[in-house]
Amino acid sequence: MLTSYELRILDALQSIHTPFLDWLMVFFTTLGDYGLIWILLAVILTILPKTRRMGIALMIALLLDVLVSNLWLKNFVARLRPCEVNPAVSLLIPRPLDYSFPSGHTAASFTASCTLLGMNSRLGWPSLLLSVFIAFSRLYLYVHYPTDVLSGMLVGFSLGALVSSLSNM
134 MLTSYELRIL DALQSIHTPF LDWLMVFFTT LGDYGLIWIL LAVILTILPK TRRMGIALMI
194 ALLLDVLVSN LWLKNFVARL RPCEVNPAVS LLIPRPLDYS FPSGHTAASF TASCTLLGMN
254 SRLGWPSLLL SVFIAFSRLY LYVHYPTDVL SGMLVGFSLG ALVSSLSNM
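Per the working numbering, the very first residue in the sequence shown carries number 134; after that it's consecutive.
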């Protein structure tokens, strides 16, 4: 029942597609591929002495996210992606090969931004805005259900809060 409701939401999003939005959503989702933008940010922050503690915290948070989201939850829940349930929708990106729940792009993004926010970084709010765009792109591109994205946000908030609170001790 929930899946059919979620498919209706995703199908409704298909009606707002434009060439510019297609390009923009592919751009945002590509930024989140493999969490590379967040890993790069963590490396840069770790290299700089002034932000080294924050960079290390971000690396730890992202590592925990991979363990929780990609290695445990995705394989435990084993949810098919909406593009597999409704293959009639043409994808603008290659079909992801792993499971759908939770959204790994969303989880990594919110893990990073919430870690930065919890550590009072000036990068926190801009990274949170980027996280929202990355999360929305996963819905727009028909590769995640809304509950996949919401669960990714929850995982990210939780891990970001945990790591930043431990780092601030």
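Heads up, the beta-carbon is just placed ideally off N, CA and C, and yes, glycines get one too.
- Beta-carbon to beta-carbon, His238 and Gly165 are separated by about 4 Å, close enough to satisfy the 8 Å threshold.
- Considering only Ser137, Cys216 and Leu224, the residue with the shortest C-alpha distance to His150 is Leu224.
- For Gly289, the enclosing alpha helix (DSSP H) starts and ends at Pro279 to Ser300.
- Taking C-alpha positions only, Arg212 is separated from Thr179 by approximately 35 Å.
- Counting only residues of its own chain and dropping the five nearest sequence neighbours on each side, Gly257 has a CB closer than 7 Å to the CB of Ser246, Leu249 and Leu250.
- In this chain, the alpha helix (DSSP H) harbouring Lys207 covers Lys207 to Val210.
- Cβ-Cβ distances below 8 Å link Leu181 to Gly188 in the same chain, with the five nearest sequence neighbours on each side left out; the list follows chain order.
- The beta carbon of Leu261 lies closer than 7 Å to those of Ser246 and Leu250 in the same chain, with the five residues before and after it left out.
- For Gly251, the enclosing alpha helix (DSSP H) starts and ends at Gly237 to Gly251.
- In this structure, DSSP gives Asn219 a state outside helix and strand, which the three-state scheme calls coil.
- Using a C-beta cut-off of 8 Å, the stretch 264-278 makes no contact with the stretch 196-210, since fewer than three inter-stretch Cβ pairs fall below that distance.
- For Ile177, the enclosing alpha helix (DSSP H) has its first and last residue at Leu169 to Ile180.
- Ser291 is the residue among Ser291, Arg141, Ser148 and Asn301 whose C-alpha sits nearest the C-alpha of Ala241.
- Between Leu295 and Val282, the C-beta gap is not smaller than 8 Å, which leaves the two residues out of contact.
- Sixteen is the threshold: since fewer than 16 other Cβ atoms of the shown chains lie within 10 Å of the Cβ of Thr136, the residue is exposed.
- Around the beta carbon of Val176, a 10 Å sphere encloses fewer than 16 other beta carbons of the protein chains shown; the residue is thus reported as exposed.
- Distances from the CA of Asn253 to each of Tyr232, Asn301 and Phe153 were compared; the closest alpha carbon is that of Asn301.
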